[in-house]
Each structure stands twice: as structure tokens, then as C-alpha cells.
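In what follows, a structure is listed as C-alpha cells, so that the remarks can point back to it.
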Amino acid sequence: MAIFEEQIICIKLCFKLEKGATETYELIKEAFGDAALSRSRTFEWFSCFQKGREKTNDIRAVIKYICKKGMLPKEIYEDMVDTLRENAPSYSTVKEWVAAFKLGRISTEDEHRPGRPVESVTQENIDKIDD
1 MAIFEEQIIC IKLCFKLEKG ATETYELIKE AFGDAALSRS RTFEWFSCFQ
51 KGREKTNDIR AVIKYICKKG MLPKEIYEDM VDTLRENAPS YSTVKEWVAA
101 FKLGRISTED EHRPGRPVES VTQENIDKID D
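The opening residue of the sequence shown carries number 1 in UniProt numbering; numbering runs sequentially from there.
Written out as C-alpha cells, the structure reads:
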């Protein structure tokens, strides 16, 4: 996931935590430094969430952001349950991702796994069955 997308998710989280747009911008600057979105772009996205328009929902990026703020896994989990309720990840998931980010992981995407593809329905397999 690109830094841009991570910041959008962080803006959404701040909105859900009832932070103001200015406070959200300051937090984004603190967490992302020189790579932070501009003030106007941050306010633009904040406004989108106020109007009910959502673009992304990557819990891992939210965990990464809060981890950058120095919170412990238990605190992150409790905060996410308070905010996201039934949509919050499990404590073990939060712990796993915090550990990965602390070890230097950058991406919030799943890593490629070798082996059998998830999708086994192919035209070739259908033809074999039909024969």
C-alpha cells in the first residue's frame, strides 16, 4: 500500500475518533514527516469523510499508523474496539502486525505465497471435467 493510501486511512481514523481537521493534519505531519499530505489535501479528505464518502478500509495501515505513534498492541486493540466495534481486528492480529512493523516491515499488503493458486476454476479444468 502506498504512503498516500495509508494517510487516507489515518485521516479516516482521526475522523472516527472525532479529531478535528487541523489536529488530524498535525498528526499526519508528525507521523509521515516530509511524505505527509499537504494541509489542503488533508482537509479535502477529512471533508469527504464528513460527507460520508469513504475510499479505503485497510485496518493494517491504521495499525501501522498508531504503532508509529508509540502505542502498545493492547492499547491499539482497545482503541480500535472502541472506535470500530465489531469491525475491529482480533488482539492477536493487532499484535502480529505491530511486531511486523517494529521489525521494519513497510507494506500492509499480504506477501506473495507460493503454492496452489486460490482460484482453481479455470477453463482448462472445466474442459477436463466435461470430457
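Glycine included, C-beta positions come from ideal geometry on N, C-alpha and C.
- In this structure, PHE43 keeps its C-beta atom at 9 Å or more from the C-beta atom of PHE15.
- Bounds of any alpha helix (DSSP H) do not take in ASP34, whose DSSP letter is neither H nor E.
- Two segments are said to touch when three or more pairs of C-beta atoms, one from each, lie closer than 8 Å; by this definition the segment 71-78 does not touch the segment 25-45.
- For LYS12, the enclosing alpha helix (DSSP H) begins and ends at 3-16.
- Judged by DSSP in its simplified three-state form, ALA21 adopts helix.
- Judged by their CB atoms, ILE3 and ALA35 are nearer to each other than the 9 Å cut-off.
- Annotated as proximal: THR93 and ILE59, with beta-carbon spacing under 9 Å.
- In this structure, the alpha-carbon of GLU18 lies about 10 Å from that of THR83.
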